[in-house]
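Undergrad: The opening residue of the sequence shown carries number 1 in the UniProt record's numbering; numbering runs sequentially from there. So that we are looking at the same thing, I have put the structure below in structure tokens.
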Amino acid sequence: MATRFTAPGLVAPPAQPSPSSTAVPASTGTRFNVLGPLEVWHDGERLTIPAGRARVLLATLLLRANQPVPVGTLVDRLWEDGAPNPDRAKATLQMVVRRLRQALGDANVVRTVTHGYVADVDPESFDLHRFRRLAANGEYAEALALWRGEPLSDVRSDVLHTAEVEPLLEERLVVLERRIEVDLTAGRFGGLVPQLRSLTRAYPLRERFWGQLVLALHGSDQQAEALAAFSAVRKLLAEELGVDPSEYLRAVHRTVLVGGAEPTPRLKPWTALCQLPPDTADFIGRDDVCTEASALLTANPSRTAVPVVAITGAPGTGKSTLTIRIAHELRADFPDGQLFVRLDGAGAAPRDPAEVLAELLTAVGLNPAAMPDRLETRAAAFRSRIADRAVLLVLDDAAGFDQVRHLMPGTASSAVLISSRHRLGGLPGIRPLQVHPLAAASGLALLSRMIGERRTAAEAPAAAAIVEACGGLPLALRIVGARLAARRSLPLAKLADRLADERRRLDELATGDLEVRASLELSYEALPPDAALAFRRLGLLGATDVASWVVKALTGLDDQEQAVEQLVEANLLEDVGCDATGEPRYRLHDILAVYAAELAGDDDGSTAALRDYIDTLTTLVDAALHWVPSSVDELPPDPIEPSRLLPAPEIARLTEAGTSWLVAEQTQLVHAVEMAARRGWAGPVVALIERMMTHLDVYIPFDRVVELYQVARDTADVVGERRLWWRMELSIQSQLAKRVLDDSLVESIANCAEGFREIGDLPGEAIALATVVHYDYLHTGKADVDLARRAVDVARRSGLKEIYCSALRELASMLAASGRYAESLPCFEETLALTREFGDPLPEVGVLYRIARYALDHDDLDRALEVSDRALELLSGFEDMRAVAYMSSLAATVKLAVGAATEALPLAERAYRVFGEIGEDIGTPGAVAAIAEAHLALGRPEEALRVLEPALAEYRDVGAAQSVERMEQAFGRATAAIARPADRSPGP
1 MATRFTAPGL
11 VAPPAQPSPS
21 STAVPASTGT
31 RFNVLGPLEV
41 WHDGERLTIP
51 AGRARVLLAT
61 LLLRANQPVP
71 VGTLVDRLWE
81 DGAPNPDRAK
91 ATLQMVVRRL
101 RQALGDANVV
111 RTVTHGYVAD
121 VDPESFDLHR
131 FRRLAANGEY
141 AEALALWRGE
151 PLSDVRSDVL
161 HTAEVEPLLE
171 ERLVVLERRI
181 EVDLTAGRFG
191 GLVPQLRSLT
201 RAYPLRERFW
211 GQLVLALHGS
221 DQQAEALAAF
231 SAVRKLLAEE
241 LGVDPSEYLR
251 AVHRTVLVGG
261 AEPTPRLKPW
271 TALCQLPPDT
281 ADFIGRDDVC
291 TEASALLTAN
301 PSRTAVPVVA
311 ITGAPGTGKS
321 TLTIRIAHEL
331 RADFPDGQLF
341 VRLDGAGAAP
351 RDPAEVLAEL
361 LTAVGLNPAA
371 MPDRLETRAA
381 AFRSRIADRA
391 VLLVLDDAAG
401 FDQVRHLMPG
411 TASSAVLISS
421 RHRLGGLPGI
431 RPLQVHPLAA
441 ASGLALLSRM
451 IGERRTAAEA
461 PAAAAIVEAC
471 GGLPLALRIV
481 GARLAARRSL
491 PLAKLADRLA
501 DERRRLDELA
511 TGDLEVRASL
521 ELSYEALPPD
531 AALAFRRLGL
541 LGATDVASWV
551 VKALTGLDDQ
561 EQAVEQLVEA
571 NLLEDVGCDA
581 TGEPRYRLHD
591 ILAVYAAELA
601 GDDDGSTAAL
611 RDYIDTLTTL
621 VDAALHWVPS
631 SVDELPPDPI
641 EPSRLLPAPE
651 IARLTEAGTS
661 WLVAEQTQLV
671 HAVEMAARRG
681 WAGPVVALIE
691 RMMTHLDVYI
701 PFDRVVELYQ
711 VARDTADVVG
721 ERRLWWRMEL
731 SIQSQLAKRV
741 LDDSLVESIA
751 NCAEGFREIG
761 DLPGEAIALA
771 TVVHYDYLHT
781 GKADVDLARR
791 AVDVARRSGL
801 KEIYCSALRE
811 LASMLAASGR
821 YAESLPCFEE
831 TLALTREFGD
841 PLPEVGVLYR
851 IARYALDHDD
861 LDRALEVSDR
871 ALELLSGFED
881 MRAVAYMSSL
891 AATVKLAVGA
901 ATEALPLAER
911 AYRVFGEIGE
921 DIGTPGAVAA
931 IAEAHLALGR
941 PEEALRVLEP
951 ALAEYRDVGA
961 AQSVERMEQA
971 FGRATAAIAR
981 PADRSPGP
């Protein structure tokens with residue numbers, strides 16, 4: 001730990017500082033000083049900063065000038081023992097920020113950023129920056145003259161002084177040592193002796209000051225005093241630390257003994273090297289990673305461990321370019337040098353750490369003739385050489401832990417910045433920062449810088465397509481940018497068309513010695529066999545999120561988790577978090593997916609692997625259906641032979657979340673249907689789509705659902721599967737009926753019933769007949785009791801209780817609709833009893849809906865209110881939003897009938913909102929009518945018209961004739977009420 005600041009008079013430099021380096025404020029502008037009491041000067045006047053938290057806040061922001069400081073860091077600084085109420089701490093912090101801004105007035109530099117604040121300070125207006133700049137330029141006396149006392153001496157914060165001030169004091173002592181070395185070289189021995197005696201008393205264990213004192217005494221012809229000083233420090237080190245003098249002190253001692261000049265040690269004098277490759281002029285994006293890496297490498301200077309940051313990411317993401325950019329930005333923070341070594345970790349022969357250490361030791365001044373032989377000895381020599389120096393070590397393209405662990409410095413004054421395709425697990429204290437592909441805007445900006453903004457603007461759609469095809473990979477973008485820059489006449493659209501073809505995309509992403517495929521091959525060829533197999537097989541699915549069980553299904557590996565972890569470690573598979581069921585998800589980057597698919601094309605087992613995957617997915621969906629409510633209105637899926645690639649306990653674990661699991665796998669399910677269809681696998685296509693659509697049709701866009709059913713129907717047609725064809729045709733027509741009802745659609749459903757009859761499919765015929773009955777009544781108002789009885793008869797002969805229940809419900813409904821309400825009630829009761837045997841509420845709610853509807857039509861209001869309330873209770877917390885919408889709409893109408901308009905309105909509004917969300921146009925008119933009727937009952941005809949006018953224009957032709965008629969009647973009543981305002985009479 002550094003000692004507190006010593007009075008400037010004890011170490012006053014012999015040379016006078018230049019006027020420009022002093023802390024005297026300029027007459028205009030704003031200046032900030034922390035090298036002493038905290039000062040803010042504006043236009044020649046010193047501002048008063050409130051004591052307490054406002055001063056701590058300003059000091060913290062200034063010490064991180066021009067860098068965002070997270071809210072959490074500021075809270076830790078302002079409440080040293082922890083905020084008593086973390087929820088209130090942020091609000092209090094905002095109040096402190098406001099108070100500080102008020103105190104600064106026109107000099108305010110505090111700006112709010114995402115998750116924190118930043119002090120936007122002109123570096124030359126800040127004494128700490130000027131101190132470091134002068135020191136880096138060798139102007140040590142001028143730099144030291146900026147110090148006015150202990151930094152931030154009037155800021156009360158133990159944490160701030162421990163974490164920030166003590167490292168600043170150490171930084172000052174290092175500059176002081178260098179200034180004294182300059183004086184010794186210049187022969188100013190006499191003037192240094194009293195200063196160095198004071199310094200050795202103030203810092204008795206700092207060997208550099210003792211060595212400088214011995215040399216100053218020796219240079220002043222005080223040899224006896226010089227030897228006495230050496231004896232004193234040797235005794236002190238032995239008594240206090242139990243160690244002998246360092247090699248530096250012993251070399252100084254030998255110089256005095258032989259009477260020579262200052263010794264030339266075994267090592268060359270330290271030279272601050274900058275070995276960094278040139279920065280990239282057209283660097284784009286990555287500001288967040290740059291900021292975080294800089295903070296991790298430079299924050300908390302009182303640390304005891306070496307900060308190590310690893311920039312990791314997939315091939316082609318620009319890790320090396322980013323690492324070099326960060327290193328250049330940190331040069332001033334590491335004035336003793338920036339060392340750079342390429343480790344060739346992605347290649348077939350990564351560099352030997354011993355060879356790398358020899359290169360580093362030579363760079364820092366070790367005579368090659370004195371190079372140690374053993375790896376461990378070289379590592380120790382390197383640590384010793386850079387001990388206590390502020391050096392940034394940049395290790396580019398590291399292969400892994402074993403390659404870099406011997407290269408680490410030993411003292412916390414240095415820092416290490418690594419780039420690697422691997423995660424580098426096992427390295428103590430490492431902070432990995434993942435680099436992702438560039439966002440579309442950043443990718444377009446990079447392309448524009450390479451080929452010109454006019455050119456990209458002139459073909460904006462093509463430029464965007466190129467960026468998308470490159471997947472945001474800087475390597476790929478630089479390749480296409482170089483090609484386009486070299487061929488000014490090549491239209492962007494032409495290259496975009498070439499890149500759109502995945503089969504030739506990697507061939508297009510090559511120019512000169514840059515090639516995306518070659519970069520990817522280096523990582524792939526380094527994989528263990530199982531991980532390589534998993535990578536190839538994942539290419540069959542493209543760039544999509546998958547769970548680890550998918551790897552098992554595609555490969556049959558006993559330990560797919562290990563293969564997944566190896567791919568993640570190699571940054572060939574991205575961990576994208578967990579889905580709603582808590583299952584981890586992974587994803588291939590777009591370009592990696594293209595490369596993996598290319599490899600899969602040469603894999604003889606790919607077709608069988610894909611079939612295994614689809615069979616496993618269907619097995620999982622089948623298992624998930626046991627956890628979710630069933631439907632009586634759809635044909636039950638045909639039974640399947642379950643896949644045995646996943647053990648039964650694993651299947652149960654994955655699917656116990658029911659609908660949540662189905663939703664999480666929605667994209668994979670749709671993708672699997674399309675892949676199976678492309679290969680003409682009609683059975684798997686229909687088996688999968690019938691199972692998934694039972695519960696996913698409300699989560700997938702309406703048109704997409706129809707399209708998927710059509711894909712399945714067409715696949716069945718190609719292979720001559722008539723029964724599967726009719727099942728998919730009925731699904732298509734039933735889906736279309738949710739939007740618009742017309743004569744042709746009802747006729748199409750009737751054709752399905754006839755088609756099922758011709759092939760002897762009783763379940764299909766029964767459900768199609770019941771569907772015709774239902775939609776024909778909705779469309780025309782015709783209650784076809786005879787057709788409903790036929791549906792019941794066919795359903796009874798099918799032997800399927802669910803289908804019989806559906807047909808019986810339609811018969812009861814048609815009896816009620818045809819005026820035979822009393823006759824319908826026993827039929828409804830029988831249907832209700834059947835639904836309660838199924839063990840889930842949805843079928844029961846469907847029957848309760850019908851009872852409430854027809855009870856309302858026949859003025860049986862008590863029954864209508866009772867059953868609608870019961871249905872809403874059953875639906876509480878239910879996930880089937882379509883059922884919720886229809887039941888809410890009907891319940892609102894029942895409430896209106898019993899005079900409860902206030903209760904009806906929110907129910908109707910909920911129904912309207914949900915119908916809109918799920919795209920159920922045919923249900924919307926009923927909800928709108930209920931909303932309008934509620935407003936009319938409450939004496940608000942203007943509100944009724946506000947909802948009716950657009951709805952009548954939009955929904956008049958959807959096929960819901962009865963609901964549209966209700967809207968028209970409400971419209972007439974509202975218009976009349978507005979015309980005769982005196983007649984308004986709010987209802988209950």
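The beta-carbon is built from N, C-alpha and C at its ideal position, and this holds for glycine as well.
1) By Cβ distance, which residues of its chain are closer than 7 angstroms to leucine 620, with the 5 residues on each side in sequence left out?
2) So valine 894 is in the beta strand (DSSP E); what residue range does that whole segment cover?
3) Pair every Cβ in the region 488 to 497 with every Cβ in the region 522 to 536, then say whether three or more of these pairs are closer than 8 angstroms.
4) Please report how far the alpha carbon of alanine 143 lies from the alpha carbon of glutamate 565, in whole angstroms.
5) Roughly how many whole angstroms lie between the Cα atoms of serine 806 and proline 684?
6) Can you name the start and end residues of the alpha helix (DSSP H) that glutamate 39 belongs to?
7) Under the three-state reduction of DSSP, which class applies to glycine 410: helix, strand or coil?
8) Among Ile479, Arg88, Pro167 and Glu873, which one has its Cα closest to the Cα of asparagine 300?
9) Please classify serine 341: does DSSP put it in a helix, a strand, or coil?
10) Can you tell me which of the three DSSP states aspartate 622 falls into?
11) Check whether the region 283 to 291 and the region 396 to 412 touch, using three or more Cβ-Cβ pairs below 8 angstroms as the test.
12) Using the three-state DSSP reduction, which class does aspartate 559 fall into: helix, strand or coil?
13) To which residues does DSSP link glutamine 434 through a beta bridge?
14) Mind checking threonine 924: buried by the 16 CB within 10 Å criterion, or exposed?
15) Rounded to the nearest angstrom, what separates glutamate 239 and alanine 415 at their Cα positions?
16) Ordered along the chain, which non-local residues of its own chain (more than five positions away) have a Cβ less than 6 angstroms from that of leucine 945?
17) For leucine 339, tell me which candidate among Arg704, Arg691 and Leu330 has the shortest Cα-Cα distance.
18) DSSP three-state call for alanine 976: helix, strand or coil?
19) Taking methionine 728 as the reference, give the member of Ser798, Asp638 and Ala648 with the closest Cα.
20) Going by Cα to Cα distance, which pick from Leu241, Ala295 and Thr255 is closest to threonine 73?
21) Determine whether the beta carbon atoms of threonine 456 and alanine 465 lie at a separation below 9 angstroms.
22) Which same chain residues, not among the five before or five after residue 994, have their C-beta less than 7 angstroms away from its C-beta?
23) Over the uninterrupted alpha helix (DSSP H) stretch that includes alanine 783, give me the two end residues.
24) Between alanine 580 and alanine 657, is the Cβ-Cβ spacing less than 9 angstroms?
25) Given this structure, state the Cα-to-Cα distance separating glutamate 844 from valine 740, to the nearest angstrom.
26) When we look at the beta-carbon of alanine 534 and count the other beta-carbons within 10 Å, is it buried (16 or more) or exposed?
27) Rounding to the nearest angstrom, what Cα-Cα distance links threonine 902 and alanine 934 in this structure?
28) Are tyrosine 955 and valine 928 close, meaning C-beta to C-beta below 9 angstroms?
29) Whole angstroms is fine: what's the gap from residue 989's alpha carbon to leucine 557's?
30) My output table needs one value for alanine 26: the three-state DSSP class, helix, strand or coil.
31) Shortest alpha-carbon distance to alanine 482 belongs to which of Arg503, Gly452 and Leu343?
32) What are the start and end residues of each continuous alpha helix (DSSP H) run of 4 or more residues lying completely inside the region 714 to 776, in chain order?
33) Out of curiosity, what's the CA-to-CA distance linking arginine 910 and lysine 895?
34) If contacts are defined as beta-carbon pairs under 8 angstroms, then residue 996 and alanine 59 qualify, I think. What distance do you get, rounded to the angstrom?
35) Per DSSP, alanine 119 is paired with what?
36) Give me, in chain order, the residues of the same chain whose beta-carbon lies closer than 8 angstroms to that of histidine 671; leave out the 5 immediate sequence neighbours on both sides.
TA: In brief:
1) Ile651, Leu654 and Thr655
2) Premise fails: valine 894 lies in the alpha helix (DSSP H), 881 to 897, not in any beta strand (DSSP E).
3) no
4) 51 angstroms
5) 27 angstroms
6) Element bounds for glutamate 39: not the alpha helix (DSSP H) but the beta strand (DSSP E), 39 to 42.
7) coil
8) Pro167
9) Before going further, note that residue 341 is valine rather than serine in the sequence given. Correct three-state label for valine 341: strand.
10) helix
11) no
12) coil
13) Thr312
14) buried
15) 32 angstroms
16) Ala974
17) Leu330
18) helix
19) Asp638
20) Ala295
21) no
22) No answer is possible for residue 994: the residues shown for the chain start at 1 and end at 988.
23) Unbroken run through alanine 783: none, as it is neither H nor E.
24) yes
25) 26 angstroms
26) buried
27) 7 angstroms
28) yes
29) Residue 989 falls outside the range modelled here, since the chain spans only 1 to 988, and no answer is possible.
30) Because alanine 26 carries a pLDDT of 43, less than 50, the predicted location of this residue cannot be relied on, and no value is offered for it.
31) Gly452
32) 722 to 736 and 743 to 758
33) 14 angstroms
34) With the chain represented from 1 up to 988, any question about residue 996 goes unanswered, as that position is not in the structure.
35) Val110
36) Leu541, Gly542 and Thr544
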